[in-house]
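A quick write-up on the structure given underneath.
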Amino acid sequence: MEILVVKAGLPRSAVTADPSATLSDVDLDSLAQLQVKAEIEDRYGIELDDEHAHATFGELVTLVNEELSERAR
Numbered sequence: 009m010e011i012l013v014v015k016a017g018l019p020r021s022a023v024t025a026d027p028s029a030t031l032s033d034v035d036l037d038s039l040a041q042l043q044v045k046a047e048i049e050d051r052y053g054i055e056l057d058d059e060h061a062h063a064t065f066g067e068l069v070t071l072v073n074e075e076l077s078e079r080a081r
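Mapping of the sequence shown onto the working numbering: position 11 corresponds to residue 19, and the numbering continues sequentially without gaps.
This is the structure we're talking about:
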């Protein structure tokens, strides 16, 4: 969620711990969603396909963890 607050300008009051929430659910516009996507890609060195555009927070966390786990092998 830090990425959402710092990079996309999400107000802390809109932060949710709901893993089924999407970027749209927390009212991020398309530009902010692209900023979040770019930050995740830069920070973790992974590429998010267009199919991940509507992923939930839980799905994004799982994806990042799986990618990082694969690299550690």
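Just so it is clear, CB atoms sit at the ideal spot from N, CA and C, and this is done for glycine as well.
Source: prediction; values computed, not measured.
Membership of Ser38 in the alpha helix (DSSP H) is indicated by the continuous run Ser38 to Tyr52. Distance between Gln41 and Leu31, taken at the CA atoms: about 7 angstroms. A residue is called buried once 16 or more other Cβ atoms fall within 10 Å of its Cβ, and Val69, having fewer, is exposed. Taking the C-beta atoms as reference points, Pro27 is found nearer than 8 angstroms to Thr64.
Excluding the 5 residues flanking it on each side, Glu49 has same chain C-beta neighbours closer than 7 angstroms at Glu55 and Leu56, in chain order.
Residue pairing by DSSP places Thr64 opposite Thr30 in a beta bridge.
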